[in-house]
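Asks: First the structure, then my questions, so here it is.
Number of protein chains: 2
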Amino acid sequence: MSDAVKVGLLGLGVVGGGVARTLRDKADTIARRVGQPVTLGGVLVRDPSRQRDVEGVQVTTDPAAVLDDPDVQIVVEMMGGEDPAHQYIRRAIENGKHVVTANKEVMAKHGPSIVAAAASKGLDVAYEASVGGGIPVIGPFKLDLLANDISRVTAIINGTTNYIITRMSTAGLDFGTALSEAQAAGYAEPDPRNDIEGIDAAYKLSILSTLAFHARVHPDQVYHEGITRLEPSDFRYAAELGYAIKLLAIGKLVDGGLEARVHPTMVPAGTMLASVDDVYNAVQVEGDLVGRILFYGRGAGAGPTASAVVADVIDLAQRIVGGEVRPTVAVYDESIRPRPMADVESRYYIRLVAADRPGVIARIASLFGERQISLSSVIQKEDVREVDGERIAEIVFTTHLARESAVQEALREIGELDVVERVGSLIRVED
Amino acid sequence: MSDAVKVGLLGLGVVGGGVARTLRDKADTIARRVGQPVTLGGVLVRDPSRQRDVEGVQVTTDPAAVLDDPDVQIVVEMMGGEDPAHQYIRRAIENGKHVVTANKEVMAKHGPSIVAAAASKGLDVAYEASVGGGIPVIGPFKLDLLANDISRVTAIINGTTNYIITRMSTAGLDFGTALSEAQAAGYAEPDPRNDIEGIDAAYKLSILSTLAFHARVHPDQVYHEGITRLEPSDFRYAAELGYAIKLLAIGKLVDGGLEARVHPTMVPAGTMLASVDDVYNAVQVEGDLVGRILFYGRGAGAGPTASAVVADVIDLAQRIVGGEVRPTVAVYDESIRPRPMADVESRYYIRLVAADRPGVIARIASLFGERQISLSSVIQKEDVREVDGERIAEIVFTTHLARESAVQEALREIGELDVVERVGSLIRVED
Numbered sequence: 000m001s002d003a004v005k006v007g008l009l010g011l012g013v014v015g016g017g018v019a020r021t022l023r024d025k026a027d028t029i030a031r032r033v034g035q036p037v038t039l040g041g042v043l044v045r046d047p048s049r050q051r052d053v054e055g056v057q058v059t060t061d062p063a064a065v066l067d068d069p070d071v072q073i074v075v076e077m078m079g080g081e082d083p084a085h086q087y088i089r090r091a092i093e094n095g096k097h098v099v100t101a102n103k104e105v106m107a108k109h110g111p112s113i114v115a116a117a118a119s120k121g122l123d124v125a126y127e128a129s130v131g132g133g134i135p136v137i138g139p140f141k142l143d144l145l146a147n148d149i150s151r152v153t154a155i156i157n158g159t160t161n162y163i164i165t166r167m168s169t170a171g172l173d174f175g176t177a178l179s180e181a182q183a184a185g186y187a188e189p190d191p192r193n194d195i196e197g198i199d200a201a202y203k204l205s206i207l208s209t210l211a212f213h214a215r216v217h218p219d220q221v222y223h224e225g226i227t228r229l230e231p232s233d234f235r236y237a238a239e240l241g242y243a244i245k246l247l248a249i250g251k252l253v254d255g256g257l258e259a260r261v262h263p264t265m266v267p268a269g270t271m272l273a274s275v276d277d278v279y280n281a282v283q284v285e286g287d288l289v290g291r292i293l294f295y296g297r298g299a300g301a302g303p304t305a306s307a308v309v310a311d312v313i314d315l316a317q318r319i320v321g322g323e324v325r326p327t328v329a330v331y332d333e334s335i336r337p338r339p340m341a342d343v344e345s346r347y348y349i350r351l352v353a354a355d356r357p358g359v360i361a362r363i364a365s366l367f368g369e370r371q372i373s374l375s376s377v378i379q380k381e382d383v384r385e386v387d388g389e390r391i392a393e394i395v396f397t398t399h400l401a402r403e404s405a406v407q408e409a410l411r412e413i414g415e416l417d418v419v420e421r422v423g424s425l426i427r428v429e430d
Numbered sequence: 000m001s002d003a004v005k006v007g008l009l010g011l012g013v014v015g016g017g018v019a020r021t022l023r024d025k026a027d028t029i030a031r032r033v034g035q036p037v038t039l040g041g042v043l044v045r046d047p048s049r050q051r052d053v054e055g056v057q058v059t060t061d062p063a064a065v066l067d068d069p070d071v072q073i074v075v076e077m078m079g080g081e082d083p084a085h086q087y088i089r090r091a092i093e094n095g096k097h098v099v100t101a102n103k104e105v106m107a108k109h110g111p112s113i114v115a116a117a118a119s120k121g122l123d124v125a126y127e128a129s130v131g132g133g134i135p136v137i138g139p140f141k142l143d144l145l146a147n148d149i150s151r152v153t154a155i156i157n158g159t160t161n162y163i164i165t166r167m168s169t170a171g172l173d174f175g176t177a178l179s180e181a182q183a184a185g186y187a188e189p190d191p192r193n194d195i196e197g198i199d200a201a202y203k204l205s206i207l208s209t210l211a212f213h214a215r216v217h218p219d220q221v222y223h224e225g226i227t228r229l230e231p232s233d234f235r236y237a238a239e240l241g242y243a244i245k246l247l248a249i250g251k252l253v254d255g256g257l258e259a260r261v262h263p264t265m266v267p268a269g270t271m272l273a274s275v276d277d278v279y280n281a282v283q284v285e286g287d288l289v290g291r292i293l294f295y296g297r298g299a300g301a302g303p304t305a306s307a308v309v310a311d312v313i314d315l316a317q318r319i320v321g322g323e324v325r326p327t328v329a330v331y332d333e334s335i336r337p338r339p340m341a342d343v344e345s346r347y348y349i350r351l352v353a354a355d356r357p358g359v360i361a362r363i364a365s366l367f368g369e370r371q372i373s374l375s376s377v378i379q380k381e382d383v384r385e386v387d388g389e390r391i392a393e394i395v396f397t398t399h400l401a402r403e404s405a406v407q408e409a410l411r412e413i414g415e416l417d418v419v420e421r422v423g424s425l426i427r428v429e430d
């Protein structure tokens with residue numbers, strides 16, 4: 000047992016810098032909780048000349064200075080992106096180091112194999128910060144919920160899109176304006192694709208589903224659909240129907256098959272999930288014993304990420320000092336199969352832009368009827384606009400439980416009707 | 000190392016029965032997660048002749064059959080109440096057994112000393128179920144939030160009162176009717192005093208504060224005020240002012256002093272806490288790194304309690320099988336002192352029943368003014384009723400930040416005014 004636990008850090012950007020500052024500013028508290036000091040060794044950066052507001056750390060551009068340093072016991076990876084982060088994590092494990100990472104892409108794509116590689120060498124990989132920032136979500140699955148069979152996870156796990164959606168909903172903004180506002184506020188990247196297309200949420204859902212259902216869920220198996228097609232009128236209709244629109248990540252066991260999907264969803268107004276606004280995240284879990292529980296907080300940022308990463312470092316350091324780390328051994332239920340999106344059953348909200356002519360609703364409704372899709376409500380307002388001499392109206396349908404494939408086929412046929420200008424939106428409705 | 004981890008159970012009521020059933024029904028899952036079977040040994044009951052829906056358990060009325068059984072490694076205490084539960088927990092520890100308990104009264108009054116006694120013998124005491132039922136709250140404080148300095152805990156931790164308050168708010172019921180409804184639904188005891196007077200919530204706040212602030216907080220140091228004086232009109236005024244009323248348990252560090260108080264509180268409508276209805280609980284925590292996070296779920300019942308208790312059993316059993324339990328060693332910050340209620344600063348809502356005569360509002364307002372209490376709003380409605388020939392009206396004042404002692408003194412003087420029939424309500428207002 001050494002006199003201090005030495006941590007190597009990969010990346011000193013906004014979140015990496017937050018970790019470095021926390022390890023320095025809270026060194027006394029951390030030492031008290033661990034029983035020994037936790038010191039920061041080498042820090043890998045891309046550009047050593049860049050000015051940083053973390054003084055006194057020893058930066059290097061040579062990965063070996065961190066990854067091959069025999070004194071480093073824990074490598075904290077805060078670079079983001081798949082490569083070279085993935086290679087560096089592998090190399091750290093090969094060199095006998097425990098790993099703490101906030102990297103959702105690497106953990107979603109390679110988590111089970113990384114955790115197994117580490118466990119085979121008596122090492123652990125901690126990744127609480129990869130989902131939900133500082134909100135404890137990985138910990139509860141590994142400990143507090145262990146006695147439960149989980150049937151559903153429903154999460155708002157992308158702060159950027161939740162901010163955009165909140166602004167569209169409360170201020171009536173269109174998507175483009177809300178996105179620009181999010182970018183100006185620093186909540187959205189200059190290239191926002193990963194967030195607004197639901198890719199980031201799909202990575203996180205893959206990690207959550209793997210934990211919740213003890214099933215390997217690769218991000219390729221997660222259906223994802225972004226928020227770019229939402230229009231202000233969808234938010235008005237949602238409010239009128241008693242719903243809020245959220246980009247939900249849903250993992251759900253149905254007849255032994257696992258649905259994993261990310262898409263805009265209408266959730267009943269007044270529920271906890273509907274109350275999650277701005278950049279906040281929430282993860283709702285349903286277990287056979289515990290019923291419905293929910294975790295809420297900020298899903299990103301230097302502080303929340305450092306909260307999770309440093310907690311993982313403290314936990315690992317306590318176990319290192321205690322003399323035995325006892326790594327997580329994940330056991331997967333190989334009988335659980337992914338359930339294709341076409342088989343999903345949901346209720347639906349469908350907004351069509353169609354000609355304001357006699358018989359239009361009847362023609363559309365009959366196409367739903369032919370596929371056994373039962374309508375629960377139809378809204379057509381009197382506000383009609385004229386396009387090329389044709390009077391155009393918005394018609395909103397909501398359905399009872401229906402099968403995704405049937406709804407998609409019906410919509411294809413409806414879209415081809417000469418009286419239908421376009422299918423404006425399809426939003427799934429969940430309790 | 001034995002071939003199975005043997006658990007002794009004290010109490011086989013609703014929640015104890017839930018634990019017994021879960022250990023039996025999920026034996027395979029538990030064995031897989033622990034690496035060895037976890038078996039239920041003796042079960043202490045008061046009345047062995049009572050019919051139970053837990054078959055095949057070996058009941059006894061002799062505490063020694065459980066507490067002195069050398070094969071029992073974990074004692075699960077599910078009796079509730081201070082004694083004899085407290086004595087049995089002590090005896091279990093003396094006999095070298097780990098303890099899992101859902102007992103908030105024992106943990107609030109004796110937790111730090113029990114945990115220390117256990118640690119000195121290399122034993123651990125787990126009590127996740129003592130606060131918030133199946134919601135992971137103790138676990139996060141012990142692990143995920145370790146890097147944070149916590150400044151405030153704000154919790155709805157009594158399901159009975161939250162149910163009553165929800166019914167008063169949504170259905171306009173008076174307190175007595177809502178209480179009867181809660182009793183009929185099985186959400187309130189025949190003797191509901193511990194719940195409706197805020198005593199149960201004070202126990203739980205004592206446990207939460209001890210964990211969050213690393214300070215020993217005895218329930219005697221927790222100010223508590225129940226919900227019995229709330230009237231339907233308070234809920235109408237709250238809605239009008241943009242608030243919901245909740246029985247909040249608040250732990251808060253102010254200038255190195257610790258406020259710990261349970262009382263009805265107005266919280267802004269639309270916030271997460273305001274959305275916690277019915278028997279649900281929520282614990283909101285504010286940390287320097289993580290910001291504001293919240294945990295939500297069912298705070299009581301056989302399922303949620305078993306979820307937390309069996310998770311604690313699995314965790315302890317894993318550590319027993321791993322060969323080393325490494326008990327929790329709590330380190331307390333002895334510099335933190337309780338802050339008396341008189342020193343608390345809050346905003347206030349005050350409802351007075353007064354004569355509808357000229358100059359009444361001015362006389363009352365001047366008594367507030369003399370004590371530097373600044374009013375933020377005054378509401379007097381036109382609905383006036385006649386009592387003994389005097390026209391009586393309700394007047395509602397809200398204040399800016401004021402000191403509790405000043406408000407109490409002002410209210411004493413106001414209550415003595417001949418034009419004031421009574422002080423209807425005083426409700427603190429928090430963000």
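These protein sequence lines map, in sequence, to chains L and U. Per numbering that gives the first Met the number 0, the first sequence starts with residue 0, numbered consecutively. Per numbering that gives the first Met the number 0, the second sequence starts with residue 0, numbered consecutively. Heads up, the beta-carbon is just placed ideally off N, CA and C, and yes, glycines get one too.
1) In whole angstroms, what separates the C-alpha of M0 (chain U) from that of P69 (chain U)?
2) On the criterion of 16 or more Cβ atoms from any shown chain inside 10 Å, does K96 (chain L) qualify as buried, or is it exposed?
3) What residues from chain U crowd round Y295 (chain L), counting only those whose CB sits closer than 8 Å?
4) Helix, strand or coil, according to DSSP, for I73 (chain U) in the structure here?
5) Contact between the stretch 259 to 276 of chain L and the stretch 349 to 360 of chain L: three or more CB pairs below 8 Å?
6) Would a check of beta-carbon distances place N161 (chain L) closer than 8 Å to chain U?
7) What does the Cβ neighbour count give for E389 (chain U), buried or exposed, with the cut at 16 atoms within 10 Å?
8) Under a Cβ-count criterion, where at least 16 other Cβ atoms within 10 Å of its own Cβ denotes burial, should D123 (chain L) be classed as buried or exposed?
9) Run through chain U and tell me which residues come within less than 8 Å of T21 (chain L), C-beta to C-beta.
10) Give the list of continuous beta strand (DSSP E) stretches no shorter than 3 residues that lie fully inside the stretch 247 to 321 of chain L.
11) Can you tell which of U:D387, U:G15, U:R370, U:E420 has the C-alpha that lies nearest to the C-alpha of L400 (chain U)?
12) Shorter than 8 Å from the beta carbon of S306 (chain U) to some beta carbon of chain L?
13) Starting from Q379 (chain L) and walking both ways along the alpha helix (DSSP H), at which residues does that stretch end?
14) Measure from the alpha carbon of D417 (chain L) to the alpha carbon of each residue in L:S373, L:I360, L:V6, then state which is nearest.
15) Going by other Cβ atoms of all chains shown within 10 Å of its Cβ, with 16 needed for buried, is K380 (chain L) buried or exposed?
16) K431 (chain L) touches chain U at which residues, Cβ-Cβ below 7 Å?
17) Which ranges would you report for the beta strand (DSSP E) in the stretch 99 to 180 of chain U if only whole runs of at least 3 residues count?
18) Where D167 (chain L) and G158 (chain L) are concerned, what is the direct C-alpha to C-alpha distance, given to the nearest angstrom?
19) So who's on the other strand from H223 (chain U), going by DSSP bridges?
20) Just how far apart, CA to CA, sit V324 (chain L) and A128 (chain L)?
21) State yes or no: is the C-beta of G197 (chain L) within less than 8 Å of the C-beta of R297 (chain L)?
22) Does A268 (chain L) pass the burial test, meaning 16 or more other C-beta atoms within 10 Å, or should it be called exposed?
23) Excluding sequence positions up to five away, which residues of its chain have a Cβ less than 6 Å from the Cβ of M258 (chain L)?
24) Check whether the Cβ atoms of L229 (chain U) and A154 (chain U) lie closer than 8 Å to each other.
25) Is R228 (chain L) helix, strand or coil when you go by DSSP?
26) How many Å lie between I149 (chain L) and F294 (chain L) at the Cα?
27) With three or more beta-carbon pairs closer than 8 Å as the criterion, would you say the stretch 298 to 314 of chain U touches the stretch 282 to 294 of chain L?
28) Among all the DSSP beta bridges, which residues are the ones paired with A353 (chain U)?
29) So, is the C-beta of E323 (chain L) closer than 8 Å to a C-beta in chain U?
30) If I follow the unbroken alpha helix (DSSP H) through R192 (chain U), where does it start and stop?
31) Output needed in chain order: residues of the stretch 50 to 67 of chain L with a Cβ under 8 Å from some Cβ in chain U.
32) Quick one: list the residues of chain L neighbouring L142 (chain U), beta-carbon separation under 7 Å, in chain order.
33) Nearest by alpha-carbon distance to M106 (chain U): which of U:H85, U:V65, U:L246 is it?
34) Are the Cβ atoms of V42 (chain U) and T60 (chain U) separated by less than 8 Å?
35) Assuming M265 (chain L) and A237 (chain L) make a contact with CB atoms under 8 Å, what is their CB distance in whole Å?
36) Quick check on G79 (chain L) - is its C-beta less than 8 Å from some C-beta in chain U?
Replies: Well, looking at it:
1) Confidence in M0 (chain U) is poor, its pLDDT being 45 and thus under 50, which makes the residue's placement too unreliable to answer from.
2) buried
3) M271, I292, L293, F294, Y295
4) strand
5) no
6) no
7) exposed
8) buried
9) A146, L288
10) 256 to 267, 279 to 286, 290 to 297
11) U:R370
12) yes
13) Counting along the chain, Q379 (chain L) falls outside any alpha helix (DSSP H), though it belongs to the beta strand (DSSP E) covering 374 to 379.
14) L:I360
15) exposed
16) A question about residue 431 (chain L) goes unanswered here, because the residues of chain L that appear run from 0 up to 430.
17) 149 to 155
18) The sequence given here places Met at residue 167 (chain L); Asp does not occur at that position. The straight-line gap from Cα to Cα measures roughly 14 Å.
19) U:V261
20) 20 Å
21) no
22) exposed
23) It is Glu, not Met, that sits at residue 258 (chain L) in the sequence shown. If we look at E258 (chain L) and ignore the five residues flanking it on each side, its Cβ neighbours are K251, R338, V343.
24) no
25) coil
26) 15 Å
27) yes
28) U:A392, U:V419
29) yes
30) 192 to 195
31) none
32) G138, A310, D314
33) U:H85
34) no
35) 6 Å
36) no
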